[in-house]
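These protein sequences, in sequence, are chains A and B.
As numbered in our numbering, the first sequence has no gaps in its residue numbers, which increase by one up to the final residue, 470.
As numbered in our numbering, the second sequence has no gaps in its residue numbers, which increase by one up to the final residue, 1221.
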Amino acid sequence: MNAPRNMLDKIWDDHIVRDFGDNTCLVHVDRAFLHELAAIAFSSLKEAGRPILSPELTFATVDHLLDTYRGRGDATLIPNGADFIRQLRAGARETGVGFFDIDDPEQGIVHVMAPEQGIALPGTIFVCCDSHTSTIGGVGAMAWGIGTTDIEHAMATGCLVQTKPLSMRVRFEGRRPSGVTAKDMILALIGQISADGGNGYAIEYAGEAVEALSIEERLTICNMSIELSARAGFVAPDERTFAFLKEKPYAPKGAQWDAAVDYWRTLSSDTDARFDREVVIDCARLSPQVTWGTSPEHVIGVEDAIPDPSLAPTSREQESRRRAINYMGVSPGQKIAGLSLDAVFIGSCTNSRLNDLREAASILRGRKVAPGLMAICSPGSGETKRRAEAEGIDRIFTEAGFQWREPGCSLCMSGGAGGEAFPEHARVLSSTNRNFENRQGRNVRSHLGSPAMVAASAVAGRITDPRSLA
Amino acid sequence: MSRKAFVRLEAVAAPLRRLNVDTDAIIPGTQLLKVAKGGFGEGLFYNWRHREDGSEDPDFVLNKPQFREAEILLAGHNFACGSSREVAAWALRDYGFRCVIAPSFGNIFYSNALKNGLLPVILPEDEVDAICDEVEARQGRGKLVVDLPAQTVASPSGKRLRFRVPDIYRQAMIDALDPISATLRFREDIIAFQNRDRKMRPWAYFGPRTIGGDDFEVKAG
Ligand code: SF4
């Protein structure tokens, strides 16, 4: 009790079921969430004759494989895609796990809908069989992605064996200039400390600029913790968090709510708490960010030029950047703004929330996407989509020439999303989180940027600084 | 799924000198499409092992004759970063790998690998580079020896390097323990924890129902 503790310490300490030494503990899991790619967990547990310890703490939704066209069903272009969806549904029904099915009005990308429903809460340990579970840290949870074996483990035992991560605090100091979004903040951080920079750490995002963010924006920042290879990323819960969660369907009510808020207020790091690593980002100097290569760390300001690979510090790094330049079909010294695009995408667990759609709509209003450009928007959840439509955002998108899709992972990942992919070699600007080779289709060249940048670039048909159209 | 004990491995190692190899590269989304836990070896590094026309790319390291029998993969830092797809571990194992040596791993993969009989070994970058150099110079002849109880790797020239795996994980691999059964040995601790926790954080639970019973106080056993 005496030594000052950071937020990671506090959450960790309150979840230790048994300590195995080597910093490795059996920790309690408060929420386990599944999507259809983990459907096998149900059949595998059943075969082993193992019940789910706490079905009421377990949830499932469909997002990865179902398509995003109106009137969709289980069948997708993906061979066997329907098997995953049906197995998940059957498993959830049999075990009494809360299930957000295709026709459920709240269905959506798990990391978008879990906070919207109040299933994700501050101070909880939340796991899901998906790497971007770190998103959930935006409401002050310790959330991380796990594999199928571990999700089965969490379902059967209510716990996981975990090594405690190292602690890192990233302070975003100063005010962000207008036109710079949460996406730009996290991309800039990845560029600064590298795609491996968070490896082994749980990151607490703090500082003036983070405190000023809405919960939706904090979710965006925490989402890309995994692009830093961090175990988790979170923001200490505050009045904004409480206001966001109050009255959400699965959030505590009445006296339970008051007790929860009292507890949540104790979670933030003590003033003199220690961290294994501290990083400071000066927000005042940030500009809108965009990736040029095939790792999220290949990122520059939109007014910058693609760096010369031979300037990279190590020979391996040089080789990896050459490979990226080659794959992306760009050249060193070339300005990134102005690169001509074949397609754009607004969606994914990074940037498909209402604030993202509003931001893009404010640029698209009264404008059209460039002729011949493929433009797709997939809202992150049923709730987001309904609210956007109530504001007329869908009309702004469709009048501009965007396709307005149903909620799901959509074109974030080829091989998912109903089997869709962008055409081979297409150059795509995307509000997603991964610019890996072949991520959005075979040989597709993905650039990552904020929804505002995607909207502005869609209008211009080339990568464009959103501030020029704001 | 068969769990295989890992104690000592003497095998050829293939050098994959790439950084930040992501799980999409290890097993592309298009190769994930089976509700099963096996048979993913074919999809391993699919887009690197194959050329655009679907034929094998002879320049890719795993397609070179001297590395076809490799059971150890040498990789650059942040190996298997990206998605949580456990299929990445299954595909490596199905293909025939038993061990991956790298300066760092994607965290989720590290955990998945340990639970699937695929030993992830962390060594400093210069040591991994030196082993890659040795293995390349010897054209795949000469084996590495990985000893898990001793936590050492011996290079073909006999250089011994030390690594660490947390005790609980190391023992589970050596004994080929099923992780769920292993944890259920502590069922009483779990029940005691929940009973305590329900008083401290009642809001984290939905109502009184829990552990196989219908009342608030749950009995052990
Ligand atoms: S939207 Fe993309 S990154 Fe997010 S969970 Fe779906 S596939 Fe993964």
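Backbone N, C-alpha and C define an ideal beta-carbon position, used for all residues, glycine too.
Residue i versus residue j - alpha carbon distance
i, j, result
"B:Gly1221", "B:Arg1068", "The pLDDT assigned to B:Gly1221 is 32, lower than 50, so where the model puts this residue is not dependable; a value taken from the coordinates is nonetheless given after this. About 50 Å."
"A:Gly283", "A:Asn223", "Just to set this straight, residue 283 of chain A is Cys in the shown sequence, not Gly. Those two C-alpha atoms are separated by around 19 Å."
"B:Gly1096", "B:Ala1013", "11 Å"
"A:His35", "B:Ala1088", "17 Å"
"A:Gln440", "A:Leu411", "6 Å"
"A:Ala209", "B:Ile1180", "43 Å"
"A:Ser268", "A:Thr291", "33 Å"
"A:Ser334", "A:Ile306", "Residue identity differs from the one stated: residue 334 of chain A is Gln in this sequence, not Ser. Going by the C-alpha atoms only, they are around 5 Å apart."
"A:Thr157", "A:Trp264", "26 Å"
"B:Phe1006", "B:Cys1099", "9 Å"
"A:Gly380", "A:Leu354", "9 Å"
"A:Arg218", "B:Ala1150", "44 Å"
"A:Gly108", "B:Asp1129", "44 Å"
"B:Gly1140", "B:Val1061", "11 Å"
"A:Ala273", "B:Arg1160", "40 Å"
"A:Ser340", "A:Asn351", "22 Å"
"B:Thr1152", "A:Val110", "41 Å"
"A:Asp471", "A:Glu204", "What is shown of chain A runs 1 to 470, which leaves residue 471 of chain A out entirely."
"B:Glu1125", "B:Pro1065", "26 Å"
"B:Ala1102", "A:Phe242", "42 Å"
"A:Leu321", "A:Pro309", "Going by the sequence as given, residue 321 of chain A is Arg instead of Leu. If I take the Cα positions, the gap works out to 5 Å."
"B:Asn1078", "A:Pro165", "16 Å"
"A:Tyr69", "A:Glu406", "6 Å"
"A:Ala470", "A:Glu391", "19 Å"
"A:Arg386", "A:Glu106", "10 Å"
"A:Ala3", "A:Asp9", "11 Å"
"A:Gln289", "A:Ser468", "14 Å"
"B:Gly1212", "B:Glu1136", "With a pLDDT of 42 at B:Gly1212, under the threshold of 50, the modelled position of this residue cannot be trusted, and the question is left open."
"B:Asp1215", "B:Arg1049", "Any reading at B:Asp1215 must be qualified, since the residue scores a pLDDT of 37, below 50, and its modelled position is unreliable; no value is offered."
"A:Met168", "B:Arg1093", "33 Å"
"B:Glu1086", "B:Ala1025", "13 Å"
"A:Ala456", "A:Phe345", "12 Å"
"B:Thr1210", "A:Ser54", "Summary for B:Thr1210: the model assigns pLDDT 44, below 50, so the residue's position carries little reliability; its value from the coordinates is reported in the next sentence. Going by the C-alpha atoms only, they are around 6 Å apart."
"A:Ile16", "B:Gln1194", "11 Å"
"A:Thr181", "A:Gly461", "21 Å"
Proximal residues to residue i (C-beta, below 8 Å), its chain only, five neighbours per side dropped
i, result
"B:Tyr1046", "Ile1027, Pro1028, Thr1030 and Gln1031"
Same chain, Cβ closer than 6 Å to residue i, five either side skipped, listed in chain order
i, result
"A:Ala154", "Val29, Ala32, Val127 and Leu160"
"A:Ile393", "Leu357 and Ala361"
"B:Ala1011", "Glu1071, Ile1072 and Lys1143"
"A:Asp14", "none"
"A:Met374", "Ala343"
"B:Leu1044", "Ala1091 and Tyr1095"
"B:Glu1217", "With a pLDDT of only 38 at B:Glu1217, under the threshold of 50, the placement of this residue in the model should not be trusted; the figure read from the coordinates follows. Nothing meets the Cβ criterion."
"A:Arg427", "Leu341, Asp342 and Arg445"
Chain B contact residues for residue i, given Cβ-Cβ distances below 7 Å
i, result
"A:Pro252", "Trp1203"
"A:Glu471", "This structure leaves residue 471 of chain A out entirely; chain A is present only between 1 and 470."
Contact set between residue i and chain A, taken where Cβ atoms lie within less than 7 Å
i, result
"B:Phe1045", "None at all; the shortest Cβ gap to chain A is about 11 Å."
"B:Ser1083", "Ser131"
"B:Gly1076", "Arg316"
"B:Ile1180", "Arg50, Glu152, His153, Ala156 and Thr157"
"B:Arg1040", "Residue identity differs from the one stated: residue 1040 of chain B is Phe in this sequence, not Arg. Within 7 Å Cβ-Cβ: nothing; B:Phe1040 doesn't reach chain A, min ~12 Å."
Chain-ordered chain A contacts of residue i [CB-CB under 8 Å]
i, result
"B:Val1035", "Ala39, Ile40, Ser43, Asn80, Asp83, Phe84 and Gln87"
"B:Ser979", "Given a span of 1001 to 1221 for chain B in the structure shown, any question on residue 979 of chain B remains unanswerable."
Contact list for residue i against chain A, beta-carbon separation under 9 Å
i, result
"B:Lys1115", "Gly147, Thr149, Asp150 and His153"
"B:Asn1063", "Going along chain A, no residue has its Cβ under 9 Å from B:Asn1063, so there is no contact; the nearest lies around 18 Å."
Beta-carbon neighbours of residue i, restricted to chain B and to distances below 8 Å
i, result
"A:His28", "Ile1190, Phe1193, Gln1194 and Asp1197"
"A:Ala75", "Neighbours of A:Ala75 on chain B: none; closest Cβ ~14 Å, over 8 Å."
"A:Phe244", "Within 8 Å Cβ-Cβ: nothing; A:Phe244 doesn't reach chain B, min ~16 Å."
Residues near residue i in its chain [Cβ-Cβ closer than 7 Å; skip 5 each side]
i, result
"A:Trp404", "Cys377, Asp394, Phe397 and Thr398"
"A:Ala114", "Phe33, Ala120 and Ile136"
"A:Gly118", "Leu245, Lys248, Pro249, Tyr250 and Ala251"
"A:Gly329", "Arg445"
"A:Ala82", "Asp74, Ala75 and Thr76"
"B:Ile1174", "Ala1005, Phe1006, Val1007, Leu1148 and Pro1149"
"A:Gly366", "none"
"A:Ala400", "Leu364, Arg367, Lys368 and Val369"
Legend entry - 4-residue-minimum alpha helix (DSSP H) runs that sit fully inside the segment 26 to 113 of chain A, ordered along the chain: Within the segment 26 to 113 of chain A, complete alpha helix (DSSP H) segments of at least 4 residues are found at 40 to 47 and 81 to 95, given in chain order.
Legend entry - Whole alpha helix (DSSP H) elements within the segment 207 to 279 of chain A, 4-residue minimum: DSSP runs (the alpha helix (DSSP H)) wholly in the segment 207 to 279 of chain A: 208 to 211, 215 to 223, 239 to 245 and 254 to 264.
Legend entry - Complete alpha helix (DSSP H) runs within the segment 362 to 448 of chain A (minimum length 4 residues, chain order): Runs found: 382 to 390 and 393 to 400.
Inset, instruction - At 4 residues or longer, and completely inside the segment 1174 to 1206 of chain B: list those alpha helix (DSSP H) runs for me, N to C. - result: If we require 4 residues or more, the alpha helix (DSSP H) runs fully inside the segment 1174 to 1206 of chain B come out as 1179 to 1184 and 1187 to 1200.
Inset, instruction - Can you check the segment 1037 to 1066 of chain B for any alpha helix (DSSP H) of at least 4 residues that lies completely inside it and give the ranges in chain order? - result: Whole alpha helix (DSSP H) segments, 4+ residues: 1046 to 1049.
Inset, instruction - Would you list, in sequence order, the uninterrupted beta strand (DSSP E) runs of no fewer than 3 residues that lie entirely inside the segment 109 to 141 of chain A? - result: At a cut-off of 3 residues, the continuous stretches assigned as beta strand (DSSP E) that sit fully inside the segment 109 to 141 of chain A are 125 to 128.
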